[in-house]
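*Asks:* Its first residue numbered 755, the sequence shown is counted upward by one per residue in our numbering. What follows is a single structure, and I will ask about it in a moment.
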Amino acid sequence: MKYFITLSMIFSIVFSKGKRYEELPKGLTDEEKLRVHEIYQMGRITDPPEAPVRNVAEFERMQGVLIRYPFGISTAMIAEMSIDVKVYCLVSSSQETAAYNSMENGDVNMENVEFILGNTDSYWTRDYGPWWVVDGQNKMAIVDFTYNRPRPNDNDAPLKVSNYLDVPFYASDIVHCGGNYMTDGLGIGASSELVLEENDLSDSLLFAAMFSYYGVDTYHVVEDPNNTYIDHIDCWGKYLSPTKVLIREVPETHPQYDMIEQTAQYFSNTLNKWGEPWELFRIWTPNNQPYSNSLILNNKVLVPITGSNHDEAALTSYRNAMPGYEVIGFSGSWESTDALHCRIKGIPDLNMLQLFHNPVNDSTPPDYNGYSIDLDIEPLSDFGLIDSSIMVYWKTNSMFDYNNSSLHMDQNHANRWYGWIPPLYQLDTIKYFIQASDSSGRVERHPLSGWHSFEALPTELCNDWIIGDLDNSNSLGVMDILILSDYVSLGIQAGVCPLSVSDLNNDNNISIVDIIFLANILMNQ
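If you want it as structure tokens, here you go:
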């Protein structure tokens, strides 16, 4: 009898510990607060990666996501992600079958599921999952940090991912967590002051480590405006692109209204990589809804919704900020300080075709070429670019689609390409995107989905008449007439200044008669 009781007690202890593993809170437990010193014993510092280092942003191309079983999200959400990307699931060997069955029963695309075996302490993969960089050899690598919880199994997750995917592993001595960090992918990062409080490093040493290990040369560390126990930046803001930032918004009666507005003003006054102010977007969270705790996954945005009558407005805010992206709401066991972003971590395309571009601002074209489009391309695969694939697709509000107005880009440096969108002779909005391919089969766009847009201001450049050798034959001939005819017809439809053609027949408009005038002139050259 005594032996039976002892076994029962052991079973009860093991079961309770397993249950506690699955249900650890976002913050520290009372027991963990007594073990905070253990955090500083979990580090594994290495030399930094070869410079220059670039920290990959959430909104870049992802090949997969990292989750953990038992799940912190619904199988419906996992099924949605599995349509497009790999789902890498951290799971103990004893629970792999249960994880498989759960996803299969939830209509997950099991061909896109891979299991990474190993114990975990909780499902907050955003907080303890790997941070990714592109190193000086143009290779993807993991640069780890020390997880700010005394949870050694979670802290080991980045190393497990590194071993599974066979990518280089580095580690800094910074104590951090993914929920309190965002980056633009171009050397700018942001966190709350929690990162200063949790590190024994001086501020200067911390910033130096962020630069050498992650390539972050501008690090915004701000007071947490929510004033909650967690102090994580994804509870109130996120970078949507290298030029756009989203910050939550609350009514004036909200106790944190002043702090949140000051934070929004701060980020709108900071400068992006190109020395321009960030475009600020707000999302209405009157009752502390966790709408900013969303996940950008390639051409989709997954947003936590709560059943509130503010849900649809939140989804609309994302659609307005990221036009062309598919915005999908998901319910769950969300809290104001914990939602789906906390429980999912992106894994980037390890052979990413990197496109870097500063979107055109509202402007008047400086010369006859029109609006300048610059692009930097850095492929991570060993396959070369397909030069003829590097195109700018554009349209105005009056044009039906982009197909009739694509333009090849030209190379002027090793990784630098340029092109031009023709000038307009009337005020209109130009929408455009850039596309490129490499021989690995990758086709990449900038932005990943949708388009950039700017107001093309009226120009006087169309008052002059300039004709060039359009078909590059070193002479002006019938092919130039045909090209010019198509171009002028398109220009009339779109309001484009068609090769700066003036009203040659003096009827106060540019029409087919002007093409005839031009044809006669060209035929007599």
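Virtual Cβ for every residue (Gly too), placed ideally from N, Cα, C. Since this is a predicted model, take the numbers as computed values, not measurements.
With distances taken between CB atoms, is the gap from S847 to L820 smaller than 8 Å?
*Replies:* Here residue 847 refers to the residue found at position 93 of the sequence shown. Here residue 820 refers to the residue found at position 66 of the sequence shown. Result no, Cβ atoms of S847 and L820 do not sit closer than 8 Å.
*Asks:* Report the three-state DSSP secondary structure of P912 (helix, strand or coil).
*Replies:* To locate residue 912, count along the sequence shown from 1; it is residue 158. P912: helix per DSSP, three-state reduction.
*Asks:* Verify whether the separation of the beta carbon atoms of K921 and N934 is less than 8 Å.
*Replies:* The residue labelled residue 921 in the question sits at position 167 within the sequence shown. The residue labelled residue 934 in the question sits at position 180 within the sequence shown. The sequence shown places Val at residue 921, rather than the Lys named in the question. Taking 8 Å as the Cβ cut-off, V921 and N934 do not qualify as a contacting pair.
*Asks:* Identify whether S1203 lies in helix, strand or coil by the three-state DSSP scheme.
*Replies:* Position 449 of the sequence shown, counted from the first residue, corresponds to residue 1203. Residue state, collapsed to three classes: coil.
*Asks:* Using the three-state DSSP reduction, which class does I1288 fall into: helix, strand or coil?
*Replies:* Residue 1288 lies beyond the residue range present for the chain, which begins at 755 and ends at 1279; the question has no answer from this structure.
*Asks:* Given a threshold of 16 other Cβ atoms within 10 Å of its Cβ, counted over all protein chains shown, does N1151 qualify as buried or as exposed?
*Replies:* As a position in the sequence shown, residue 1151 is number 397, starting the count at 1. Label assigned to N1151: exposed.
*Asks:* Just list the residues that DSSP pairs L1051 with in beta bridges.
*Replies:* The residue given as residue 1051 occupies position 297 in the sequence shown. Answer is K1054, bridged to L1051.
*Asks:* DSSP state of D875, grouped into three classes?
*Replies:* One-based indexing of the sequence shown puts residue 875 at position 121. Coil.
*Asks:* Cα separation between Y1147 and L1181?
*Replies:* The residue given as residue 1147 occupies position 393 in the sequence shown. The residue given as residue 1181 occupies position 427 in the sequence shown. Computed Cα separation, rounded: 19 Å.
*Asks:* With a Cβ-Cβ cutoff of 8 Å, do F1035 and M831 count as a contact?
*Replies:* Position 281 of the sequence shown, counting from 1, holds the residue named residue 1035. Position 77 of the sequence shown, counting from 1, holds the residue named residue 831. Going by C-beta atoms, F1035 is not nearer than 8 Å to M831.
*Asks:* For C989, name the three-state secondary structure that DSSP assigns.
*Replies:* Here residue 989 refers to the residue found at position 235 of the sequence shown. Three-state DSSP puts C989 in a helix.
*Asks:* According to the neighbour-count rule (16 or more other Cβ atoms, all chains shown, within 10 Å of its Cβ), is K773 buried or exposed?
*Replies:* Position 19 of the sequence shown holds residue 773. Bear in mind that the predicted position of K773 carries a pLDDT of just 39, short of 50, making it unreliable; the figure below should be weighed with that in mind. So K773 counts as exposed.
*Asks:* Could you give the residue range of the alpha helix (DSSP H) that holds Q1019?
*Replies:* Start at 1 with the first residue of the sequence shown, and residue 1019 comes out as number 265. First-last of the alpha helix (DSSP H) with Q1019: Y1011 to N1023.
*Asks:* What does a CB cutoff of less than 7 Å around N1123 pick up in its chain, not counting 5 residues either side in sequence?
*Replies:* The residue you call residue 1123 lines up with position 369 of the sequence shown. So the qualifying residues of the chain are W1174.
*Asks:* Would you call the CB atoms of H1200 and F1208 closer than 8 Å?
*Replies:* One-based indexing of the sequence shown puts residue 1200 at position 446. One-based indexing of the sequence shown puts residue 1208 at position 454. In this structure, F1208 does not lie closer than 8 Å to H1200 by Cβ.
*Asks:* Nearest-angstrom Cα distance between A1248 and T1213?
*Replies:* Residue numbering aside, residue 1248 sits at position 494 when the sequence shown is read from its first letter. Residue numbering aside, residue 1213 sits at position 459 when the sequence shown is read from its first letter. Legend: pLDDT at A1248 = 49, less than 50; position of this residue unreliable, value from coordinates given subsequently. Whole-angstrom Cα-Cα distance: 14 Å.
*Asks:* If you compare alpha carbons, which of G1195, N1166 and M936 is closest to W886?
*Replies:* For the purposes of this step, residue 886 is identified with residue 132 of the sequence shown, where counting begins at 1. Ranking G1195, N1166 and M936 by Cα distance to W886 puts M936 first.
*Asks:* Which stretch, first to last residue, makes up the beta strand (DSSP E) that contains S1194?
*Replies:* For this step, residue 1194 is matched to residue 440 along the sequence shown. Premise fails: S1194 is in no beta strand (DSSP E) and is neither H nor E.
*Asks:* Quick check on DSSP: helix, strand or coil for Y1045?
*Replies:* The count along the sequence shown starts at 1 and reaches residue 1045 at position 291. It is coil, neither helix nor strand.
*Asks:* Tell me F1187's beta-bridge partners as DSSP assigns them.
*Replies:* On the sequence shown, position 433 is the one that residue 1187 refers to. According to DSSP, F1187 bridges with Y1147.
*Asks:* Can you list, in chain order, the residues of its chain with a C-beta nearer than 8 Å to that of S1087? Leave out the 5 residues immediately preceding and following it.
*Replies:* Within the sequence shown, the letter at position 333 stands for residue 1087. Excluding positions up to five away in sequence, the list reads G826.
*Asks:* Is the CB-CB distance between K1099 and R880 below 8 Å?
*Replies:* Translated into the one-based positions of the sequence shown, residue 1099 becomes position 345. Translated into the one-based positions of the sequence shown, residue 880 becomes position 126. A contact, by the Cβ cut-off of 8 Å.
*Asks:* To the nearest angstrom, report how far apart G890 and E1006 are at their CA atoms.
*Replies:* Taking the sequence shown and counting its residues from 1, the one referred to as residue 890 is at position 136. Taking the sequence shown and counting its residues from 1, the one referred to as residue 1006 is at position 252. Rounded to the nearest angstrom, the two C-alpha atoms are 47 Å apart.
*Asks:* Could you work out which residue in N1052, N1023 and W1171 is closest to W1032 when comparing CA atoms only?
*Replies:* What you label residue 1032 is simply residue 278 of the sequence shown in a count that begins at 1. Minimum Cα distance to W1032 is reached at N1023.
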